[in-house]
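Residue numbers (our numbering): 212 to 661. Each residue gets a CB set at the ideal place from its N, CA and C atoms; glycine is no exception. Encoded as structure tokens, the structure appears first; notes follow it.
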């Protein structure tokens, strides 16, 4: 394993999965470090002009093909400003509209406002005033601090924020990740959190970025960044089971050559595809992920496998493990263009109900084969609506118990929790809720197999 092997270490996962192939390696090499933009794929360019995302010599300097018109951007900004100005009302009554607009893409100028609201980081920050500053003042575990210090230069190295070791980007990332190790000492630091923190810092102040990272680790992906990473092991089994239905030809090839999910999934899921997709597409994946939860990661992963290995023609050049993994890493760029790619992502037939059912089945198998397997997915919430409802319930109870609390933000109407659960993925409350979802424009997806 290279010196960039995920800290804490991802070898712990292989130890928890001792029967996996010896080739199991979650190294994040410099060549695959936080792709971000074409400038990072082709090496440092001879000029130092930044593209519209902040990458030195990025491809958006040369063309703006596929970008929405100024009028459309302004129209979407107006909609988002209206919704975020009345966020509690919007989430309580108009979440389907929020979900639709997240799938279309949040305007770049408003991600600083929308992402913290979607993931619950803004509410968490408001309930913990001054907490981030307190965490910054605590020295932290020297071992974690030193590990973080060695890693921060690898995060988006061609982005203007992270060019200088002493610049605000790298130093801000160091403080953010160190604060997390203080806040969650039982988890410490995982190298995959580096690109997450860096991407958040590109879009918002450090305090907001910290609470968004907390929400991602606690609510969206609990157990992913803990020492044994048993949650990732469980989801790898779920992924294979769902892949058998979505793209059986590719799964047959992967199994034939011994390419298990832990050879490609960790870089995808742990890093939320920041190291695997063009930067504009990464942002769109995050827009959908923060709205709909881990279902989006499964859909993206399934689509990548289908694009790389979904036909006999594509499999001709894949004679073994190395060739297959290279095929997964070298999908043609035009297939990853954000609008085209995300439209296909939302057509992949995986629903919250599918995930819940398969997760329970695979969890039962893992516990039968591994008596020491302890992870339970009960704390995972299926997207921003589930997080919003859970926070409203928690804050209402806290405010009722302590009506004089200074942390009370404002009087809330107690949410209607009849028929709802707040563990793992909410069960459907009607005949239609929880079914495989059609494309957001309302047409029946041709990708479904009914």
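Note on geometry: alpha-carbon atoms of residue 279 and residue 459 lie some 36 angstroms from one another.
In the three-state reduction of the DSSP assignment, residue 442 falls in the helix class, which pools H, G and I. Counting every other CB atom within 10 Å of its CB across the protein chains shown gives residue 519 a total of 16 or more, marking it as buried. A distance below 7 angstroms between beta-carbons, with the five flanking residues on each side excluded, links residue 521 to the following residues of its chain, in chain order: 458, 460 and 461. In the DSSP assignment, residue 490 falls within the unbroken alpha helix (DSSP H) covering 490-503. By the beta-carbon neighbour count (other beta carbons within 10 angstroms, threshold 16), residue 334 is buried. Across the set 499, 563, 417 and 438, the C-alpha of 499 shows the shortest separation from the C-alpha of residue 330. DSSP places residue 554 in the helix class (H, G or I) of the three-state scheme. In the structure shown, residue 545 falls within a helical segment according to DSSP collapsed to helix, strand and coil. Around the beta carbon of residue 545, fewer than 16 other beta carbons lie within 10 angstroms, which makes this residue exposed. Relative to the Cα of residue 262, the nearest Cα in the group 295, 369 and 305 belongs to 369.
In this structure, residue 590 sits away from residue 509, with a CB-CB distance that is not shorter than 8 angstroms. If you ignore the 5 residues before and after residue 406, its C-beta comes within less than 6 angstroms of the C-beta of 245, 366, 482 and 485, all in its own chain and listed in chain order. Counting along the chain, the unbroken alpha helix (DSSP H) around residue 606 starts and ends at 595-612. Counting the other CB atoms within 10 Å of its CB gives residue 588 a total of 16 or more, which places it among the buried residues.
Taking 8 angstroms as the upper bound for CB-CB distance, residue 412 and residue 384 are in contact here, some 6 angstroms apart.
Between the alpha carbons of residue 415 and residue 319 lies a gap of roughly 11 angstroms.
DSSP, reduced to helix, strand and coil, places residue 261 within a strand of the structure shown. A buried status is given to residue 563, since no fewer than 16 other beta-carbon atoms sit within 10 Å of its beta-carbon.
By the Cβ-count criterion, residue 597 is buried, with 16 or more other Cβ atoms from all chains shown falling within 10 Å of its own Cβ. Residue 308 and residue 517 have their C-alpha atoms some 29 angstroms from each other. Here residue 266 carries a strand assignment [DSSP, helix/strand/coil].
Beta-bridge pairing by DSSP links residue 364 to no other residue. Spanning the alpha carbons of residue 471 and residue 465 requires a straight line of approximately 7 angstroms.
Shown here, residue 297 sits in coil according to DSSP, grouped into three states, outside any helix or strand. For residue 393, the uninterrupted alpha helix (DSSP H) segment begins and ends at 379-394. Judged by beta-carbon spacing, residue 393 lies within the 8 angstroms limit of residue 351, meaning their Cβ atoms are closer than that value.
If you draw a straight line from the Cα of residue 558 to the Cα of residue 357, it is about 43 angstroms long. By alpha-carbon distance to residue 341, the top candidate from 573, 496 and 421 is 421. Residue 427 and residue 401 have their C-alpha atoms spaced approximately 13 angstroms apart. Cβ atoms of residue 409 and residue 373 come within 8 angstroms of each other, at about 7 angstroms.
For residue 567, the enclosing alpha helix (DSSP H) stretches over residues 563-580.
Cα atoms of residue 443 and residue 501: separation of roughly 18 angstroms, rounded to the nearest angstrom.
Shown here, residue 286 sits in a helix according to DSSP, grouped into three states. In terms of CA proximity to residue 536, 478 leads the group 507, 478 and 575. The region 322-354 is shown to contain whole alpha helix (DSSP H) runs of 4 or more residues at 322-330, 332-338 and 342-348, in chain order.
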